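The structure appears below as structure tokens.
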Amino acid sequence: MSEETTTKGRLGTPVELLIGSVIGAVLGWPITKALDGLAADNKWPTWVYMIGTVIGVALVLFVMTFIVTPWRRTIWGSLGRSFKCLWSWRPVSNRGLLHVIGVLRTDMANVALEAAHQYDQQKQDLEEAKKLYVEATNRPNVVINRVAGSSIATGGPVIPLPDPRWTIIHNDFDRGVENFLLTNHVPRSFAKEVRVEGETDRNGYSEVTILDAATFEDLSGNEYGEFLARFDEHARWSGAPFEVSWYDENGTHRAQTIFVPGWEPAPPPAPSQWNSDETPF
Numbered sequence: 027m028s029e030e031t032t033t034k035g036r037l038g039t040p041v042e043l044l045i046g047s048v049i050g051a052v053l054g055w056p057i058t059k060a061l062d063g064l065a066a067d068n069k070w071p072t073w074v075y076m077i078g079t080v081i082g083v084a085l086v087l088f089v090m091t092f093i094v095t096p097w098r099r100t101i102w103g104s105l106g107r108s109f110k111c112l113w114s115w116r117p118v119s120n121r122g123l124l125h126v127i128g129v130l131r132t133d134m135a136n137v138a139l140e141a142a143h144q145y146d147q148q149k150q151d152l153e154e155a156k157k158l159y160v161e162a163t164n165r166p167n168v169v170i171n172r173v174a175g176s177s178i179a180t181g182g183p184v185i186p187l188p189d190p191r192w193t194i195i196h197n198d199f200d201r202g203v204e205n206f207l208l209t210n211h212v213p214r215s216f217a218k219e220v221r222v223e224g225e226t227d228r229n230g231y232s233e234v235t236i237l238d239a240a241t242f243e244d245l246s247g248n249e250y251g252e253f254l255a256r257f258d259e260h261a262r263w264s265g266a267p268f269e270v271s272w273y274d275e276n277g278t279h280r281a282q283t284i285f286v287p288g289w290e291p292a293p294p295p296a297p298s299q300w301n302s303d304e305t306p307f
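When you read off a place in the sequence shown, starting at 1, and then add 26, the result is the number in the numbering used here.
As structure tokens, then:
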């Protein structure tokens, strides 16, 4: 759209503007003369002339709005917008104020509900992700990479992690039951699902009786765990073997035998059935 068309759509053609100016001058001239006569007789102040001029121009524009259609849309539209602007500054009644406050409270409540819904959704997603992570890391056959990242990133050889080094010591008595301490002394070593059992002989007999689960989810690195067991009378002074089993970083089941010495003094030797003064024949 050209500039000429835009100007015509808003205020009309230049000819219409010229005609309006001539009509305004023609109508304003008798009004000015009439005011001059009144001023000569009554000596009116200057502001009366200004008011008369404004009234004359307003009358001209009012008449032109019925003649020129673009003027009618422009002038009456501007007056309508001005009235709306002035009306928006009107004093608000108590009823209107309460209505506005109610609308604001409703909007704030909706925002709070939406925020709470998003928080619950994010919390649920986080809990599900955490659950999946725990399930994945607790699987015995899952390989957990705890090797130097550079060797894997560069495609170099994977260096195996060090094996755990276990010790079991008689820690104390817990309500009259022997308490033992299982400790892994090797940093960066990997040991999942660690379990302690009493080692049995060829006849299936064990000098140790495990009294609790003696199972630990993770004893990787410098970690330890306590368990309860009971030695028989012979093992209390002679000691007994334990079997420690675990899963390494490759998901391989490993086992190791740990001997735990006894803590009671050895009994005195039984007396010989032969008297030292007698000859055995």
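Ideal Cβ placement from N, Cα and C applies to all residues, glycine included. The structure displayed is predicted, hence computed values, not measured ones.
In the structure shown, I284 falls within a strand segment according to DSSP collapsed to helix, strand and coil.
By the neighbour-count criterion, in which a residue is buried when 16 or more other Cβ atoms sit within 10 angstroms of its Cβ, V234 is buried.
In this chain, the beta strand (DSSP E) harbouring A255 covers E249 to F257. Taking the CA atoms as reference points, E161 sits about 21 Å from A239. Three or more beta-carbon pairs separated by less than 8 Å link the stretch 235-255 to the stretch 205-217, which places the two stretches in contact.
Under the three-pair Cβ rule at 8 Å, the stretch 184-191 does not count as touching the stretch 223-234. Residue pairing from DSSP places S271 in a beta bridge opposite R221 and A281. Counted as a single uninterrupted DSSP element, the beta strand (DSSP E) harbouring I236 occupies residues V234 to I236. Segment contact: the stretch 210-225 against the stretch 290-297, fewer than three CB-CB distances shorter than 8 Å; contact not assigned.
The beta-carbon separation of E225 and F268, rounded to 6 Å, stays under the 8 Å limit for a contact. P287 is the residue among W97, P287 and V83 whose C-alpha sits nearest the C-alpha of H196. Rounded to whole angstroms, N136 and I127 show a C-alpha spacing of 14 Å. Nearest C-alpha to A261 among H279, S246, P291 and V270: P291. Following the DSSP letters along the chain, one finds D244 inside the beta strand (DSSP E) bounded by residues T241 to D244. Cβ atoms of L87 and I101 come within 8 Å of each other, at about 6 Å. For V212, no beta strand (DSSP E) encloses it, and the DSSP letter there is neither H nor E. Close CB contacts of V203 within its chain, under the 7 Å cut and outside five residues either way in sequence, are with L237, L254 and R256 (chain order).
The beta carbon of T91 sits closer than 7 Å to the beta carbons of W97, R98, I101 and W102 from its chain, once the five residues preceding and following it are set aside; these are given in chain order.
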